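> In the UniProt record's numbering, the protein residues as written are 1 to 234.
Backbone N, C-alpha and C define an ideal beta-carbon position, used for all residues, glycine too.
None of the values given here were measured: they were computed from a predicted structure.
For reference, the structure I am asking about is given below.
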């Protein structure tokens with residue numbers, strides 16, 4: 001415990017008698033040597049008076065050396081740096097910062113380029129997909145329109161064929177009906193007596209000729225009526 005007390009005394013003495021300029025090593029070490037000599041002398045006197053044990057004789061100088069080292073370290077820490085060294089260190093720091101910044105910017109640009117390329121690729125794929133979908137829709141619409149046109153044409157053709165068939169059948173019926181009427185007229189003409197061409201020799205012959213003419217006129221009227229009826233049906 002006592003050795004720490006004396007070490008504190010030494011530190012106090014050093015602080016009290018230190019030079020105002022902490023960088024003046026020669027003056028400070030000179031004062032330390034004087035203080036060390038004074039402290040050692042005081043310790044010797046105290047030893048004779050049996051106040052301090054003999055063991056303190058070897059401890060105090062060690063503490064004094066430690067104080068010297070601390071002063072040197074303090075001076076070295078507080079000593080100003082060389083301006084050239086400071087500029088070099090500052091330049092090195094700036095260069096390192098710029099290098100790191102350049103790497104960061106390059107990485108950022110690379111990421112942006114990659115993102116831009118991905119967006120471009122996605123847009124192209126979307127455009128291709130939309131174009132394919134549009135082409136498929138147009139093809140489907142074209143096929144549907146073509147199918148509808150074909151079905152319509154087939155339906156119209158079937159309807160026209162049916163109409164033509166009906167007309168043909170109707171015409172055939174009319175023709176058959178006309179043929180029957182003509183046949184009937186022909187049969188009437190065949191049944192009616194035909195006048196004989198001969199010379200009129202008597203009154204009886206004149207009467208017979210008149211009857212034949214009247215029969216022929218009746219047959220002609222029947223024929224004309226039949227023809228008129230057929231014309232009205234047409």
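Just mark residue 43 as buried or exposed, buried being the case when its beta carbon has 16 or more other beta carbons within 10 Å.
That one is buried.
> Quick one: using the 10 Å Cβ neighbour count with 16 as the cut-off for buried, is residue 140 buried or exposed?
So residue 140 counts as exposed.
> Using the C-alpha atoms, what's the distance from residue 99 back to residue 113?
Taking the straight line from one Cα to the other gives about 21 angstroms.
> Cα separation between residue 166 and residue 126?
For residue 166 and residue 126, the distance between alpha carbons rounds to 59 angstroms.
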